[in-house]
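Asks: Take this structure first; my questions come after.
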Amino acid sequence: MLFYNKQKSRIFFHATKFLLIFSLVLCSFCACNSNKNGTKDLEADPQQGTLRLFVDESFEPIISQQIMVFESSFPKAHIIVKYEPEADCFRDFEKDSTNMIIVARGLKEDESKYYNSKLGHRPRFSIIAFDAVSMIVNADASDSVFSLKELDKMLTSNNKQPYQVILDGENATSTVRYLLDSITHGKSFGNNVSGAKGSKQVIDLVASNKNAVGFVGSSWVGNADDPEQLAYFNKVHLAYVECKIPDSTGVFARPSQSTIYNMQYPLVRPLYCVLKDNYIGLGTSFYNFLSFQRGQLIFRRGNLVPAKMNFTIRTVNDFATKKK
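Heads up: the sequence shown runs through residues -33 to -1, 1 to 291, numbered per mature numbering (1 follows the signal peptide of the UniProt record, and there is no 0).
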């Protein structure tokens, strides 16, 4: 009986040792696999830590407000943000420089499949708000009302044009992509189109040249509660662009919360948040913040249109009925 108990204890000891070693190996494997696939690591926390976020530069004013409120709500959370052209955001997302980007389009199907094969899951993405590509003119410009046909000619003609067109980059920006897709329909830009080093420079160049027009994201020039933007309005004005909805022939609109919401201003685009993480960490926390009430209210106060929650939109007179 004594021999049986010793033998049994020895067997139990070796079995326990084997299970312990096996568990450690399994945990190590799972940890490596989790880091590779973008799933939860041991330091992930929804209320603290550091998040690297890359954002389309044309959304900088509104996203900087979102980050400021989020960090004040979670003092142990820190967001390191980089504002850059949209194409660079996607490139850095693919290179794992960041797990989260805010851009003007979602993932294409082939991109989703690529990440699914790489990560073992598809990244999440959704529309969090709508803004517009705003057309701005110098305060002393002779015209501020333009048809879509005039915009097409202005952007593509190589003949002498009365306007110098300034974009927020020479290529790779969401504004450039949007104009090529929606106005020129793939035609190359003309020789009167040039790129600035970001949206702020577009505004400064238009402000100093009465023959210049520019295109920037509406959060740079659409918030009347922002003192810096109010200062712009003495130097540049929002242009009116031809409506393209039914029963609007001869009607022109400038970008505002109302004309964006009702799709009366023709150059409306979405803001997408794209996230690799499939666990409840800081990335998911900020993703949810942007999607829920507090983040949506910030979009509304910034004169964008929230995509996740309904709000009363105040209608104002942002129309012109004929060419000047």
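Using N, Cα and C, we set each Cβ at its ideal position, and we do this for glycine too.
These figures come from a predicted structure and were not determined experimentally.
If you draw a straight line from the alpha carbon of G262 to that of I227, how long is it in whole angstroms?
Replies: Counting from one through the sequence shown, the residue named residue 262 turns up at place 295. Counting from one through the sequence shown, the residue named residue 227 turns up at place 260. C-alpha separation (whole angstroms): 18 Å.
Asks: Assuming G73 and V241 are in contact, meaning their beta carbons sit under 8 Å apart, how far apart are those beta carbons, in whole angstroms?
Replies: Along the sequence shown, read from residue 1 onward, the residue named residue 73 stands at position 106. Along the sequence shown, read from residue 1 onward, the residue named residue 241 stands at position 274. Confirmed, Cβ separation roughly 7 Å.
Asks: Excluding the 5 residues preceding and the 5 following V104 in the sequence, name in chain order all residues of the same chain whose CB lies nearer than 6 Å to its CB.
Replies: Taking the first residue of the sequence shown as 1, we reach residue 104 at position 137. So the list reads S111, V180, H204, A206, once near-sequence residues are dropped.
Asks: With 16 as the cutoff for other CB atoms within 10 Å, does K43 come out buried or exposed?
Replies: Working through the sequence shown from its first residue, we reach residue 43 at position 76. Counting Cβ neighbours within 10 Å, K43 comes out exposed, since fewer than 16 surround it.
Asks: Taking all protein chains shown into account, decide if F200 is buried (16 or more other Cβ within 10 angstroms of its Cβ) or exposed.
Replies: Within the sequence shown, numbered from 1, the residue matching residue 200 stands at position 233. It counts as exposed.
Asks: Check whether the Cβ atoms of F41 and Q14 sit closer than 7 Å, and answer yes or no.
Replies: Residue mapping note: residue 41 aligns to position 74 of the sequence shown, counting from 1. Residue mapping note: residue 14 aligns to position 47 of the sequence shown, counting from 1. Yes, the Cβ-Cβ distance between F41 and Q14 is below 7 Å.
Asks: Does the structure place the segment 119 to 137 close enough to the segment 158 to 172 that three or more beta carbon pairs sit under 8 Å?
Replies: A contact exists between the segment 158 to 172 and the segment 119 to 137.
Asks: With 16 other CB atoms within 10 Å as the buried threshold, where does L197 fall?
Replies: As a working mapping, residue 197 is identified with position 230 in the sequence shown. Exposed, by the Cβ-count rule.
Asks: Straight-line CA distance for P273 to T279?
Replies: Position 306 of the sequence shown, counted from the first residue, corresponds to residue 273. Position 312 of the sequence shown, counted from the first residue, corresponds to residue 279. Approximately 11 Å, taken between the alpha carbons.
Asks: Can you list, in chain order, the residues of its chain whose CB lies under 6 Å from that of V169, leaving out five sequence neighbours each side?
Replies: As a working mapping, residue 169 is identified with position 202 in the sequence shown. Correct list, in chain order: I133, D135, A163, G181, V183.
Asks: In angstroms with no decimal places, state the Cα-to-Cα distance between I47 and K154.
Replies: Here residue 47 is taken as the residue at index 80 of the sequence shown, counted from 1. Here residue 154 is taken as the residue at index 187 of the sequence shown, counted from 1. Using only the alpha carbons, I get a separation of about 37 Å.
Asks: Let me know the secondary structure DSSP gives S101 once reduced to three states.
Replies: In the sequence shown, counting from the first residue as 1, residue 101 sits at position 134. In this structure, S101 counts as strand in the three-state DSSP scheme.
Asks: Grab the span of the alpha helix (DSSP H) containing V188 for me, first residue to last.
Replies: Along the sequence shown, one-based indexing puts residue 188 at 221. Segment: none, V188 is in no alpha helix (DSSP H) and carries neither H nor E.
Asks: Quick test of the definition: if touching needs 3 or more C-beta pairs under 8 Å, does the segment 74 to 87 touch the segment 206 to 220?
Replies: Counting Cβ pairs under 8 Å, fewer than three are found: no touch.
Asks: Evaluate the contact criterion for the segment 86 to 99 versus the segment 115 to 132: three or more CB pairs, one atom per stretch, below 8 Å.
Replies: The segment 86 to 99, when compared against the segment 115 to 132, does not touch it at the 8 Å Cβ threshold.
Asks: Starting from the C-beta of T65, find all residues in its chain whose C-beta is less than 6 Å away, skip the five residues before and the five after it, and write them out in chain order.
Replies: Numbered from 1 along the sequence shown, position 98 holds the residue referred to as residue 65. If we look at T65 and ignore the five residues flanking it on each side, its Cβ neighbours are R19, F21, D59.
Asks: Take N176 and list the residues in its own chain whose beta-carbon comes closer than 8 Å to its own, dropping the five residues that flank it on each side.
Replies: Here residue 176 is taken as the residue at index 209 of the sequence shown, counted from 1. Closer than 8 Å at the Cβ level, and outside the excluded window around N176, lie N105, Q131.
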